[in-house]
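Read through the structure below, which is laid out as structure tokens, and then see the notes.
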Ligand code: SF4
Ligand code: SF4
């Protein structure tokens, strides 16, 4: 199975829901797999290398570069963690505004899905 297909399978397993309009309160520094970065434009991808993210954090910038009151500017290409937030019973993945999917992943299901994603993080340097 290709890296692209495995990402698509993980994304497909995550339910979608509607956020509060104009909110980006949970949009902090976020990890992208190499495959997820490869789907961005070169200019966008350069903003989310590990070095770029660390440099922004050191400068006290804790909001994601793609966040705006108009929403996420790369919404269709947002990475795994952004998709997972609000769909899990894990307290740290719970929306402070009460938004989220009606049915939530249990902690065990969340861990299993995240393990799959972490395997892709390790492997997706070989983008297919
Ligand atoms: S999940 Fe909640 S905190 Fe995050 S953007 Fe949506 S409404 Fe805001
Ligand atoms: S990529 Fe989009 S959804 Fe994810 S943290 Fe950034 S602005 Fe928020």
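Numbering (my numbering), first residue to last: 288 to 415. The beta carbon of each residue, even a glycine, is placed where N, CA and C say it ideally should be. As the structure is a computational prediction, the values presented were derived from the model and not from experiment.
Euclidean distance between Cα positions of residue i and residue j
{"i": "residue 376", "j": "residue 304", "result": "15 Å"}
{"i": "residue 371", "j": "residue 329", "result": "25 Å"}
{"i": "residue 331", "j": "residue 290", "result": "21 Å"}
{"i": "residue 395", "j": "residue 301", "result": "14 Å"}
{"i": "residue 402", "j": "residue 308", "result": "31 Å"}
{"i": "residue 385", "j": "residue 368", "result": "18 Å"}
{"i": "residue 397", "j": "residue 405", "result": "12 Å"}
{"i": "residue 299", "j": "residue 314", "result": "21 Å"}
{"i": "residue 324", "j": "residue 359", "result": "15 Å"}
{"i": "residue 357", "j": "residue 310", "result": "9 Å"}
{"i": "residue 317", "j": "residue 351", "result": "7 Å"}
{"i": "residue 373", "j": "residue 340", "result": "23 Å"}
{"i": "residue 334", "j": "residue 353", "result": "9 Å"}
Cβ separation of residue i and residue j, assumed to be a contact under 8 Å, to the nearest whole Å
{"i": "residue 383", "j": "residue 312", "result": "6 Å"}
Checklist entry - Per the contact definition of three or more C-beta pairs closer than 8 Å, is the segment 379-396 in contact with the segment 333-349? => result no
Checklist entry - What is the chain-ordered set of residues for which the beta carbon lies under 6 Å from any non-hydrogen atom of ligand 1? => result 306, 307, 310, 311, 312, 313, 372, 373, 382, 383, 384, 386
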